[in-house]
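In the order they appear, the protein sequences are chains A, B and C. Under my numbering, the first residue of the first sequence is numbered 509, with each subsequent residue one higher. Under my numbering, the first residue of the second sequence is numbered 3, with each subsequent residue one higher. Under my numbering, the first residue of the third sequence is numbered 3, with each subsequent residue one higher. Note that the Cβ used here is the ideal one computed from N, Cα and C, for glycine as well. As the structure is a prediction and not an experimental result, all values here were calculated from the model. First up is the structure itself, then whatever we jot down about it.
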Amino acid sequence: MARLFRWFQALAFPAVLIAALEWYTRGPGAGSEALAPPSLALKAFWSAIADGTLWQATAFTLGSAALGLLIGALLGLLLGIVLGLSPRAARMGFLSIEVLRPVPSVALIPLSLLVFGFGLRMEVAVVAFATFWPMLVLAQAAARQVEPRLLEVALALGLSPRERVTKIVIPAMAARLFVALRLGVAIALVVAVTVEIAANPNGMGYAIMIAQQSLDPALMLAWLFWIGVVGFLVNELAERAQAWVARRMGGVR
Amino acid sequence: MSRANHTSTGRAGAWIGWAESAAVLAALVALWWLASHQQWVSKVFLPTPEATVRSLLDGLNLGTAPDAPRGELAGFTLSTVERMVLGWLLASLVGMALGALIGISATARAWIQPTLEFVRPLPASAVLPLAISLFGLSPSMVLSVVAFGAMWPVLLATVHGFAHVEPRLREVATALQMGRAAFIWKIGLPSAMPDILAGMRLSMTVSLIVSVVGEMIASQSGLGQAVLLAARSFRASELFAGIILLGLIGFASNALLALAERRLLRWQKP
Amino acid sequence: MSLLRFDDVAIHLGGREILSPTRFEVSRGEFVCIIGPSGCGKTTLLRAAAGFVQPSAGAVLRHGKPITGPSREVAFVFQDYGRALLPWRTVEGNVSLALEAAGVPAAERPARIARVLQTVGLAQHAHKFPVQLSGGMQQRAQIARCLAQEPEVMMMDEPFGALDAMTRESLQDELSRLVQDSGLTVMFVTHDLEEAIYLGDRVIALRANPTPEHPSLAAMIDVPIPRPRDQLSTKEHPEFLRLRRELYQFLGHH
């Protein structure tokens with residue numbers, strides 16, 4: 509019973525907003541090029557599912573986000589571990605990182621466009637850049653904070669550097685890494701959609717731009733809602749995964 | 003682990019650290035120089051460092067050529083910065099106000115927070131098409147989206163901060179019979195300040211991003227449009243100059259906020 | 003007339019009777035200590051007296067009128083001083099909070115703050131933040147804020163429990179002196195029997211898990227040891243030892 513009420517509580521506020529929008533767009537705001545009744549948006553949503561455009565666009569965005577995250581997070585993780593374990597390397601790399609890190613990923617969209625043209629690679633490149641830095645910073649912090657006692661144990665047991673990293677460092681970092689990954693997932697998706705809105709004629713961001721340009725507010729609203737849903741679900745998934753890892757691997761200290 | 007670096011302690015150690023760091027950076031620049039001059043990457047994509055610097059100086063009207071055309075980069079930079087800062091200020095004020103109202107009441111949180119959590123992952127730029135339909139292609143349209151997008155990190159952080167006020171302090175406020183307004187101003191807000199400041203930093207990042215994207219798609223004067231046009235006309239050095247400026251804006255804004263944060267949170271460090 | 007009267011005050015929490023109907027009075031200027039094992043409801047009783055908790059039965063009366071909520075006349079000193087101080091305000095600022103809440107005009111505040119800080123011995127540390135102070139100093143800061151309220155009664159919930167023995171002893175003496183000089187009425191909860199006898203004019207012992215045959219109020223004993231007291235000789239005083247023996251059983255030792 510309590511669970512039912514919690515669902516009700518969660519959905520009541522948005523339900524009121526949606527109802528208000530429906531009323532407004534059917535009444536005083538009818539015929540607007542910007543707003544459409546949610547009921548019509550729902551219809552547009554179903555047609556997009558039916559003719560496959562929804563899945564196609566979603567798959568592209570998710571795919572490029574995932575690929576970009578894979579590349580960016582992996583590189584960030586590797587470099588982060590190196591910098592975290594070696595204070596000297598961290599000191600040496602400090603300026604270079606501080607110079608390159610503040611560049612907003614969107615600033616690289618035109619460059620990526622120039623190099624790769626429209627398509628998947630261009631978007632993957634920007635997402636990779638965007639996810640690399642937070643992963644680097646967080647992985648570095650996580651590696652640095654590995655319990656020094658454990659590293660001493662590794663030395664005492666005579667583990668090779670590679671073993672030390674794989675058997676001690678990475679498991680000790682696991683919980684923190686998944687927190688970073690969760691952040692990375694969120695960033696990857698946002699950047700992917702942003703790239704599509706700004707320049708790339710593919711994916712969900714492009715779909716919503718097209719809807720706007722065709723003066724189809726119902727479809728535009730449908731895409732806006734869908735983008736929100738996808739973002740929400742992806743983040744929820746990432747959060748569940750992170751919580752699971754935290755439980756198994758001892759949580760974040 | 004590697005033996006402790008004996009030079010890593012003390013002032014001398016700090017200087018050596020900086021020198022090493024600068025050396026690595028210089029090495030990267032040298033690599034860039036080599037790559038561009040040796041054409042490992044086409045000049046269309048990778049301009050030489052000198053060309054980039056020249057474009058930068060010319061664009062800012064600091065160039066030496068007397069007959070060089072008037073550079074507009076300074077003006078573009080200003081436009082982007084203005085947009086970013088104004089949007090951020092609006093977003094912060096509204097975000098804090100709404101966040102305080104929602105955060106302080108457990109009831110309000112219970113009904114509204116789920117909706118906030120749903121909106122949180124939404125890319126701010128996704129609202130641009132809607133804003134274009136509503137307001138057309140104009141500077142105020144971009145500003146409204148910037149403010150809207152940048153509001154969420156501050157709002158969510160404020161709600162979180164107010165929701166997590168030390169319960170003991172709430173009791174102290176009750177014992178002293180402080181009114182609600184006094185509680186918000188003297189206890190709630192300062193207590194939430196670490197969260198709020200972190201939210202405002204995130205907000206600034208969003209603000210910059212949306213400003214740039216907004217300029218790109220709405221053809222508004224600014225660095226966003228400038229770099230897009232540079233790419234379209236295959237003017238790589240101008241493109242890189244614009245990227246550098248955007249990087250500087252990102253760096254400066256973050257550094258300033260970090261400084262402000264350290265000053266305002268002086269009471270935290272032991 | 004008594005300042006505080008506990009009129010058959012009973013408290014139920016979570017379905018259990020924490021405190022069975024309890025009746026006693028506190029006179030103006032008295033220092034009453036409350037002891038008992040964990041779960042006996044001593045903290046709950048104190049919070050009820052301060053108005054944070056409403057009794058399930060009976061009432062706490064102040065000047066003959068039932069207490070319905072917190073009031074500035076009743077100051078409360080928490081055990082976890084770190085969490086009861088505003089970390090972003092200096093010691094001065096924290097004390098000022100009480101004055102601001104009471105509507106004291108800004109012009110009057112500095113003098114009153116200085117006076118109260120002098121009383122607790124923190125005048126030198128007025129501009130420090132809580133995080134820069136030791137545990138004992140933080141607790142003194144909290145006491146200072148409570149004193150700034152100029153209360154009638156001061157409730158203290160195991161205020162020295164989290165401090166080391168030496169700090170505790172010196173704060174006990176400072177508190178005694180302060181209370182003597184000001185004539186403040188104090189209700190002091192502690193699990194430390196010797197502290198209770200050392201500080202109090204009267205010691206109330208509570209029982210855990212009350213039943214009709216064994217109600218919460220197990221014993222109420224006056225402490226006829228003369229003041230001023232000191233840490234060495236008072237604790238060797240025959241009366242002290244007698245009371246200690248008599249009250250020992252009420253702490254749950256068997």
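In angstroms with no decimal places, state the Cα-to-Cα distance between residue i and residue j.
i: V121/B; j: A528/A; result: 18 Å
i: A86/C; j: R172/B; result: 9 Å
i: R268/B; j: L191/B; result: 16 Å
i: L729/A; j: L562/A; result: 13 Å
i: R609/A; j: E160/C; result: 51 Å
i: V634/A; j: W154/B; result: 24 Å
i: L80/B; j: G224/B; result: 8 Å
i: M3/B; j: S23/B; result: Model confidence at M3/B stands at a pLDDT of 42, short of 50, so the residue's coordinates are unreliable; what they give is reported in the following sentence. Going by the C-alpha atoms only, they are around 22 Å apart.
i: V212/B; j: A233/B; result: 19 Å
i: F689/A; j: A650/A; result: The sequence shown places Leu at residue 689/A, not Phe. L689/A and A650/A: Cα-Cα distance of roughly 12 Å.
i: I716/A; j: S572/A; result: 17 Å
i: P679/A; j: R670/A; result: 13 Å
i: T702/A; j: A165/B; result: 32 Å
i: G89/B; j: P116/B; result: 25 Å
i: A198/C; j: A50/C; result: 20 Å
i: A597/A; j: L585/A; result: 15 Å
i: Q227/B; j: L593/A; result: 42 Å
i: G201/B; j: V693/A; result: 19 Å
i: G15/B; j: A25/B; result: 15 Å
i: F733/A; j: L543/A; result: 13 Å
i: W644/A; j: D724/A; result: The question names Trp, but residue 644/A is Leu in the sequence shown. Going from the Cα of L644/A to the Cα of D724/A covers about 42 Å.
For residue i, count neighbouring C-beta atoms within 10 Å of its own C-beta (all shown protein chains included) and say buried if the count is 16 or more, exposed if not.
i: R18/C; result: exposed
i: V43/B; result: exposed
i: K188/B; result: buried
i: A726/A; result: buried
i: A52/C; result: buried
i: A128/B; result: buried
i: M168/C; result: exposed
i: H256/C; result: Confidence at H256/C is low in this model, with a pLDDT of 44, below 50, so the placement of that residue should be treated as unreliable; the coordinate-derived value is given next. Result: exposed.
i: G539/A; result: exposed
i: P230/C; result: exposed
i: L258/B; result: exposed
i: S255/B; result: buried
i: M509/A; result: exposed
Excluding sequence positions up to five away, which residues of its chain have a Cβ less than 6 Å from the Cβ of residue i?
i: M757/A; result: A682, A683
i: V155/C; result: V76, T187
i: W35/B; result: P51
i: F78/C; result: A52, M157
i: A556/A; result: L562
i: E110/C; result: none
i: A21/B; result: none
i: F640/A; result: G580, L583, G584
Per DSSP, residue i is paired with what?
i: P68/C; result: L63/C
i: A1/C; result: Since the displayed chain C opens at 3 and closes at 256, residue 1/C lies outside it and no answer follows.
i: M156/C; result: A77/C, V188/C
i: V634/A; result: Paired residue(s): none; V634/A is not in a bridge.
i: T24/C; result: V11/C
i: I36/C; result: V191/C, I206/C
i: E19/C; result: H14/C
i: L6/C; result: V28/C, R64/C
Once the 5 residues before and after residue i are set aside, which same chain residues still bring their CB inside 8 Å of it?
i: L135/C; result: V93, H127, A143
Skipping 5 residues on each side, what residues in its chain have a beta carbon closer than 7 Å to that of residue i?
i: Q81/C; result: D159, E160, P161, G163, A164
i: I227/C; result: T236, H239, E241, F242
i: R7/C; result: E27, L63
i: R170/C; result: F162
Which residues, in chain order, does the segment 151 to 163 of chain C contribute to contact with chain B at a C-beta distance below 9 Å? Q151
Of the residues that make up the segment 126 to 148 of chain B, which ones have a beta carbon closer than 9 Å to any beta carbon in chain A? A126, S127, A128, V129, L130, P131, L132, A133, I134, S135, L136, F137
Could you please tell me which residues of the segment 251 to 264 of chain B, in chain order, have their CB closer than 9 Å to any CB of chain A? I251, G252, F253, A254, S255, N256, A257
Taking any Cβ of chain C, which residues in the segment 70 to 94 of chain B have a Cβ under 9 Å from it, in chain order? none
If you measure beta-carbon to beta-carbon, which residues of the segment 18 to 49 of chain B are closer than 8 Å to chain A? G19, W20, E22, S23, A24, A25, V26, L27, L30, V46, F47
Under 8 Å (Cβ pairs) to chain A, residues found in the segment 192 to 213 of chain B: T207, L210, I211
Counting only Cβ-Cβ distances shorter than 9 Å, please list the residues of the segment 145 to 171 of chain B near chain C, keeping chain order. E168, P169, R170, L171
When Cβ atoms are compared, which residues of the segment 614 to 627 of chain A fall closer than 8 Å to chain B? V614, A615, L616, I617, P618, L619, L621, L622, V623
Which residues, taken in chain order from the segment 176 to 191 of chain B, show a beta carbon closer than 9 Å to some beta carbon of chain C? T176, A177, L178, Q179, M180, G181, A184, K188, I189
Taking a cut of 8 Å between CB atoms, which residues from the segment 133 to 145 of chain C lie near chain B? V133, Q134
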